[in-house]
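Under the UniProt record's numbering, think of the first position of the sequence shown as 1, with each following residue one higher.
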Amino acid sequence: MRKLNEKVGAAALSAIRNRRGHRPFSANRDGGDTVIASYNVHKCVGVDRKFDPERVAEVISEIDADVIAIQEADKRFGDRSGLLDLVMLERDCGLVPVPIATLSSGSHGWHGNMLMIRKGTVQTVRQLKLPGVEPRGALVVNFEFPAGMLRVVAAHFGLLKRSRELQAKAVLASVAQEEEMPTVLIGDLNEWRVGRKSSLSPLSPVFDPVAGAVPSFPSRFPVLALDRVLGHPHDLVAAVEVHDSPLARIASDHLPIKAHIDLQAIWERSYRSYDPAKSKVVSS
Numbered sequence: 001m002r003k004l005n006e007k008v009g010a011a012a013l014s015a016i017r018n019r020r021g022h023r024p025f026s027a028n029r030d031g032g033d034t035v036i037a038s039y040n041v042h043k044c045v046g047v048d049r050k051f052d053p054e055r056v057a058e059v060i061s062e063i064d065a066d067v068i069a070i071q072e073a074d075k076r077f078g079d080r081s082g083l084l085d086l087v088m089l090e091r092d093c094g095l096v097p098v099p100i101a102t103l104s105s106g107s108h109g110w111h112g113n114m115l116m117i118r119k120g121t122v123q124t125v126r127q128l129k130l131p132g133v134e135p136r137g138a139l140v141v142n143f144e145f146p147a148g149m150l151r152v153v154a155a156h157f158g159l160l161k162r163s164r165e166l167q168a169k170a171v172l173a174s175v176a177q178e179e180e181m182p183t184v185l186i187g188d189l190n191e192w193r194v195g196r197k198s199s200l201s202p203l204s205p206v207f208d209p210v211a212g213a214v215p216s217f218p219s220r221f222p223v224l225a226l227d228r229v230l231g232h233p234h235d236l237v238a239a240v241e242v243h244d245s246p247l248a249r250i251a252s253d254h255l256p257i258k259a260h261i262d263l264q265a266i267w268e269r270s271y272r273s274y275d276p277a278k279s280k281v282v283s284s
């Protein structure tokens, strides 16, 4: 445990010293017609060790996203029952879960991952079982918004670097089989590094690896960019920010992140002659 703490501490100090790998605020652009967010709710247990789903719901309401990916939405063991107040989230935020096949009747998510949507239409849903030592999964959902189609891949990668590398490659292989369209990979990817040493480097031919690298962990003193949003094409993400409110700093050990997507502009600029029957996402 001591060696693990030393490694985590060294990683945190390295992240503080090397902020060049994180997305600078100057990279944000005005605009964005669709807001996509990610939040690891830590099973609704805050840094004060209190289980409080209502507090988590209040943070989700603050975020005000059109689509939000949530990690650790279920109990990890036993009946894997869902932990969020879905009635409250629909009433106060207008958010409803994307329908999926869950691991048990009371679960909210797929290996703890769930997607909630406020506006737009769900076209297709795929559930990926990701490789690695721990049981992990991802959701691949195609949405239709007034501004155009958008694919969202919501994932929670593993704690081991080798597992994350395999999981990144699995996501890339899955997306490569899909029709070409603007795509966002979002979630707790458990990686603070950027560049060649990052376990996410296999994604760089398709996704922008730095687009969403903003520190979100730990919530009280965020120095590590564990929660990411990566866009395809590389200019899909107009702006990304950490939702850093007093309540968010207590409700979970992660801060939420949110990305502004200029979906209409991307479709007008990059997909004018779009033909889904002939289009595929390619990695090289």
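Even for Gly, the Cβ is constructed at its ideal location relative to N, Cα and C.
If I measure Cβ to Cβ from residue i and keep anything under 8 Å in the same chain, skipping five residues before and after, which residues do I get?
i: Leu166; result: Leu130, Pro131 and Gly132
i: Asn18; result: In this predicted model, Asn18 has a pLDDT of only 47, less than 50, meaning its place in the structure is not dependable; the value taken from the coordinates is given anyway. So no residue of the chain qualifies.
i: Asn113; result: Ala69, Ile70, Gln71, Ala73, Gly137, Ala138, Leu139, Ala154, Ala155, His156 and Gly187
i: Val98; result: Met114, Leu115, Met116, Ile117, Val122, Val125, Leu139 and Val141
i: Arg151; result: Val140, Val141, Asn142, Phe143, Val175, Glu178, Met181, Pro182, Thr183 and Val184
i: Asp244; result: Pro222 and Leu255
Check each candidate in the options and name the one with the smallest Cα separation from residue i.
i: Gly82; options: Val237, Arg91 and Glu72; result: Glu72
i: Asn190; options: Leu226, Ala238 and Asp244; result: Leu226
i: Leu95; options: Glu241, Met181, Ala57 and Ala173; result: Ala57
i: Asp48; options: Ser252, Tyr271, Lys161 and Ile100; result: Ser252
i: Lys169; options: Ser219, Ser199 and Phe145; result: Ser199
i: Gln127; options: His234, Phe207 and Ile100; result: Ile100
i: Pro233; options: Lys258, Ala265 and Ile257; result: Ala265
How would you label residue i, buried or exposed, when you count the other beta carbons within 10 angstroms and need 16 or more for buried?
i: Lys119; result: exposed
i: Arg269; result: exposed
i: Ser26; result: For Ser26, the predicted structure reports a pLDDT of 46, less than 50, and the residue's modelled location is therefore unreliable. A value from the coordinates is still provided. Under this definition Ser26 is an exposed residue.
i: Ala173; result: exposed
i: Ala213; result: buried
i: Leu159; result: exposed
i: Val171; result: buried
i: Pro205; result: exposed
i: Gly109; result: buried
i: Ala37; result: buried
i: Gly231; result: buried
i: Pro202; result: buried
i: Lys197; result: exposed
I'd like to confirm the pairing. Which residues does DSSP put opposite residue i in its beta bridges?
i: Gly158; result: Answer is none; Gly158 lacks a bridge partner.
i: Ser61; result: Answer by DSSP bridge pairing: none, since Ser61 is not bridged.
i: Tyr39; result: Ile70
i: Gly261; result: In the sequence under discussion, the amino acid at residue 261 is Ile, which differs from the Gly named in the question. Paired residues: Thr34 and Val237.
i: Phe143; result: Val122 and Leu150
i: Asn190; result: For Asn190, which the question treats as bridged, DSSP gives no partner whatsoever.
Kindly give me the distance between the Cβ atoms of residue i and residue j, rounded to whole angstroms, as I take these residues to be in contact under 8 Å.
i: Val223; j: Val240; result: No, Val223 and Val240 are not in contact; Cβ-Cβ is about 17 Å, not under 8 Å.
i: Leu236; j: Glu62; result: 24 Å between Cβ atoms; not a contact.
i: Val35; j: His260; result: 6 Å
i: Pro215; j: Val242; result: 7 Å
i: Lys43; j: Lys75; result: 7 Å
Can you give me the Cβ contacts of residue i inside the same chain, cut-off strictly under 7 Å, excluding the 5 residues immediately before and after it?
i: Gly46; result: Asp52, Arg55, Ile250, Ala251 and Ser252
Short of 6 Å in beta carbon distance, which residues of its chain neighbour residue i, apart from the five on each side in sequence? Order them along the chain.
i: Val59; result: Leu247, Ala248 and Ala251
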